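Colleague: First the structure, which I've put down as structure tokens, then a few questions once you've had a look.
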Amino acid sequence: MTEQLVIHRHDYDAGNQGLSWARIIGIAFVIALHLTALMMLLIPAVAPKAPAEKERTTMVTLVDAPPPPPPPPPPPPPEDKPPPPVKNLSPPKPSPVPPPPEAPVVDVPEPRPSDIVTPPSPPAPPQPP
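In this note's numbering, each number is its position in the sequence shown, counted from 1, plus 160.
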């Protein structure tokens with residue numbers, strides 16, 4: 161099935177009658193409406209002013225600060241300990257060499273008759289004419 165398309169034929173020369181004042185006024189109104197909405201969005205939002213609060217008086221008594229605590233006693237002098245004696249280390253002993261690994265066992269099976277390939281027979285000599 162084929163789709164039937166609607167064909168619009170506009171004859172632009174036949175409808176040219178000048179300016180459409182209704183269209184001009186409508187577009188101008190829509191532009192003015194959009195500009196008004198944009199200006200409303202740009203107006204800063206200001207909260208209403210709150211009534212002034214009464215000043216409250218608070219009585220404060222200053223007390224002298226206590227004297228600072230005495231400084232901590234100095235640390236005791238470090239005790240002079242003799243350095244630990246140096247131990248002479250013996251050279252490392254060679255580790256025993258492990259025995260070499262055994263050779264792997266090779267299992268060669270006997271060839272089957274189907275494994276042996278027989279060479280093809282030579283071609284027959286040509287027959288004399």
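Built from N, CA and C at the ideal position, the CB exists for glycine as well.
All values reported here derive from a predicted model rather than from experimental measurement.
With DSSP run on the structure shown, which of helix, strand or coil describes T196?
Modeller: One-based indexing of the sequence shown puts residue 196 at position 36. It is helical.
Colleague: Output needed for S180: all residues of its chain with C-beta closer than 7 Å, excluding positions within five of it in sequence on either side, in chain order.
Modeller: For the purposes of this step, residue 180 is identified with residue 20 of the sequence shown, where counting begins at 1. If we look at S180 and ignore the five residues flanking it on each side, it has no Cβ neighbours.
Colleague: When DSSP labels each residue in this structure, what does V190 get in the three-state scheme?
Modeller: Residue numbering aside, residue 190 sits at position 30 when the sequence shown is read from its first letter. It is helical.
Colleague: If you reduce the DSSP assignment to three classes, tell me which class R183 lands in.
Modeller: Residue numbering aside, residue 183 sits at position 23 when the sequence shown is read from its first letter. Helix at R183.
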